[in-house]
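J.: 4 is the number of the first residue of the sequence shown in my numbering; add one for each residue after it.
The C-beta atom is built at its ideal place from N, Cα and C for all residues, glycine as well.
This structure is in structure tokens; I'll ask about it shortly.
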Amino acid sequence: MRKPELGISCPGCPHRAAYVVVKDAVGRGRGRVFCGDAGCRAVGAMHPAATTCPGGEEALLPRYRQAIPDGTTPVAKVCAHFIPAEELLAPSAPDAFSQLALEGETVLLCALASSARFLDKEAIEHLESCARNLDVRSTTVLDPFDTLASTEFIRSLPERGGAHTLIFASPCAQLLQTHSPEPVEIDRLGCQGCHRCKQLTGCPALVFAPPAYTVDTEACAGCDLCTDYCRTRVIMTPRARMTPAERRELRVCIAQSSR
């Protein structure tokens with residue numbers, strides 16, 4: 004696995020997966036705002052959109068670098084605000100997020116729980132308990148790599164309106180270094196080189212080698228995010244027979260064994 008690079012999400016980063024599923028669920032364009040910090044200690048602060056930008060934070064175009072709504076701009080229909088989950092544990096959290104300072108019909112407070120402190124079930128339950136102290140309509144724990152279930156749930160929230168806390172719980176890719184899941188493979192004869200996998204995920208492990216894509220097996224963390232967004236189904240995973248819950252358990256077990 005590659006060492007972390009400043010301003011670039013690592014292959015297998017759960018923060019990237021969280022942004023992808025939220026963006027897929029609520030759509031893009033006018034009335035949709037993605038803001039906050041989706042970085043970590045290893046790569047530094049990052050705008051959520053930069054997690055899927057091949058060049059990372061520095062290469063992110065200004066039109067994607069949306070700021071937190073402050074009342075001076077038109078009200079957003081949906082605002083997804085990303086924060087490190089640790090911020091929910093602070094004693095000041097209920098006051099800091101009481102009004103969320105985000106004006107919109109629907110506010111999604113996306114808490115990224117990927118550090119080693121959140122590997123245990125009890126830690127996630129405590130985090131969920133703290134999140135319930137906020138002035139929000141609901142608090143839900145999601146696996147960002149269970150893209151189907153997460154996307155379907157998030158799609159239902161704009162109809163309900165109000166503020167909701169989403170806790171995206173999955174181990175940091177760097178915690179899997181001791182024994183990363185096997186990398187995916189790409190059928191280069193079937194790949195049409197449509198670029199969709201790279202455009203949607205921005206994963207550094209996906210490499211375009213004309214006329215088709217290939218996988219940098221040294222970099223791939225086996226998160227399988229790209230397999231969910233390949234229209235032609237030419238990205239294959241050794242974990243095809245595993246359920247999303249079993250894949251999550253595998254990642255957690257590897258991360259726990261590395262502590």
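(1) Would you kindly report the start and end of the unbroken beta strand (DSSP E) that includes Ser-141?
(2) Just to check my reading of the structure: Ala-119 and Arg-262 have Cβ atoms closer than 8 Å, yes? What is that Cβ distance to the nearest angstrom?
(3) Could you give the first and the last residue of the continuous alpha helix (DSSP H) run that contains Cys-197?
(4) Should Thr-54 and Arg-19 be called a contact, given that it needs their Cβ atoms to be closer than 9 Å?
(5) Is the beta carbon of Pro-14 closer than 9 Å to that of Cys-223?
(6) Roughly how many angstroms separate the alpha carbons of His-198 and Val-23, rounded to a whole number?
(7) Among Ala-126, Gln-259, Thr-230, Thr-204, which has the Cα closest to the Cα of Glu-89?
(8) Measure the C-alpha to C-alpha separation of Met-239 and Val-210 and round it to an integer number of angstroms.
(9) Going residue by residue through the segment 198-250, where are the continuous alpha helix (DSSP H) segments of at least 4 residues, counting only ones entirely within it?
(10) Thinking Gly-193 and Pro-213 are a contact (beta carbons under 8 Å), I'd like their distance in whole angstroms, please.
(11) Here's a check: name, in chain order, each residue in its chain whose Cβ is nearer than 7 Å to the Cβ of Ala-208, leaving out the five neighbours to either side.
(12) Pull up the CB-CB distance for Gln-83 and Val-25, whole angstroms please, since I reckon it's below 8 Å.
(13) What distance in whole Å lies between the Cβ atoms of Arg-191 and Ala-166, which are believed to be in contact at a cut-off of 8 Å?
(14) Which full runs of the alpha helix (DSSP H) of 4+ residues lie inside the segment 147-185, going along the chain?
(15) Should His-50 go down as buried or exposed, given a rule of 16 or more other Cβ atoms within 10 Å for buried?
(16) Could you check the C-alpha separation between Cys-38 and Ala-70 for me, to the nearest Å?
(17) For Thr-142, decide whether its Cβ has a neighbour in chain B, counting only Cβ atoms nearer than 9 Å.
(18) Is the distance from the Cβ of Thr-168 to the Cβ of Ala-114 below 9 Å?
(19) According to the neighbour-count rule (16 or more other Cβ atoms, all chains shown, within 10 Å of its Cβ), is Asp-73 buried or exposed?
(20) What did DSSP end up calling Ala-104 once you bin it into helix, strand or coil?
(21) From the DSSP output, read off the bridge partner residues of Cys-82.
(22) Classify Glu-61 as helix, strand or coil using the three-state DSSP reduction.
T.: In short, the structure shows the following:
(1) Start at 1 with the first residue of the sequence shown, and residue 141 comes out as number 138. Its beta strand (DSSP E) spans residues 141-145.
(2) As a working mapping, residue 119 is identified with position 116 in the sequence shown. As a working mapping, residue 262 is identified with position 259 in the sequence shown. Indeed they touch by this definition, with Cβ atoms about 6 Å apart.
(3) One-based indexing of the sequence shown puts residue 197 at position 194. Cys-197 -> no alpha helix (DSSP H), and no H or E assigned at all.
(4) As a working mapping, residue 54 is identified with position 51 in the sequence shown. As a working mapping, residue 19 is identified with position 16 in the sequence shown. The answer is yes: Cβ separation under 9 Å.
(5) The residue given as residue 223 occupies position 220 in the sequence shown. The residue given as residue 14 occupies position 11 in the sequence shown. A contact, by the Cβ cut-off of 9 Å.
(6) Here residue 198 is taken as the residue at index 195 of the sequence shown, counted from 1. Here residue 23 is taken as the residue at index 20 of the sequence shown, counted from 1. Cα atoms of His-198 and Val-23: separation of roughly 16 Å, rounded to the nearest angstrom.
(7) Position 86 of the sequence shown, counting from 1, holds the residue named residue 89. Comparing C-alpha distances from Glu-89 to each of Ala-126, Gln-259, Thr-230, Thr-204 shows the shortest one belongs to Ala-126.
(8) Taking the first residue of the sequence shown as position 1, residue 239 is located at position 236. Taking the first residue of the sequence shown as position 1, residue 210 is located at position 207. The alpha-carbon atoms of Met-239 and Val-210 are separated by roughly 15 Å.
(9) Within the segment 198-250, the alpha helix (DSSP H) runs of at least 4 residues that lie entirely inside it are, in chain order, 199-204, 228-231.
(10) Numbered from its first residue, the sequence shown carries residue 193 at position 190. Numbered from its first residue, the sequence shown carries residue 213 at position 210. Actually they do not touch by this definition, with Cβ atoms about 15 Å apart.
(11) Taking the sequence shown and counting its residues from 1, the one referred to as residue 208 is at position 205. Counting only Cβ-Cβ distances below 7 Å, and skipping sequence neighbours, we find Pro-14, Val-218, Asp-219, Ala-222, Cys-223.
(12) In the sequence shown, residue 83 corresponds to position 80, counting from 1. In the sequence shown, residue 25 corresponds to position 22, counting from 1. What sits at residue 83 in the sequence shown is Ala, not Gln. Confirmed, about 5 Å.
(13) The count along the sequence shown starts at 1 and reaches residue 166 at position 163. The count along the sequence shown starts at 1 and reaches residue 191 at position 188. The C-beta separation of Ala-166 from Arg-191 comes to about 46 Å, leaving the pair out of contact by the 8 Å criterion.
(14) Listed in chain order, the complete alpha helix (DSSP H) runs (minimum 4 residues) inside the segment 147-185 are 150-158, 160-163.
(15) Along the sequence shown, one-based indexing puts residue 50 at 47. By the neighbour-count criterion, in which a residue is buried when 16 or more other Cβ atoms sit within 10 angstroms of its Cβ, His-50 is buried.
(16) Within the sequence shown, residue 38 is the residue found at index 35, counting from 1. Within the sequence shown, residue 70 is the residue found at index 67, counting from 1. Each residue's Cα considered, the two are about 6 Å apart.
(17) Here chain B cannot be found, since the structure has a single protein chain.
(18) Counting from 1 along the sequence shown, the entry for residue 168 is found at position 165. Counting from 1 along the sequence shown, the entry for residue 114 is found at position 111. Yes.
(19) Stepping through the sequence shown from its first residue, residue 73 is reached at position 70. Classification for Asp-73: exposed.
(20) On the sequence shown, residue 104 is found 101 positions in, with the first residue counted as 1. Because Ala-104 sits at a pLDDT of 48, beneath the cut-off of 50, its placement in the model cannot be relied upon, and the following sentence gives the value as read from the coordinates. In the structure shown, Ala-104 sits in coil (DSSP, three-state: anything other than H, G, I, E or B).
(21) Along the sequence shown, read from residue 1 onward, the residue named residue 82 stands at position 79. Val-36, Val-110, per the DSSP bridge assignment.
(22) Locating residue 61 in the sequence shown gives position 58, counting from the first residue. Glu-61 falls in the coil class under three-state DSSP.
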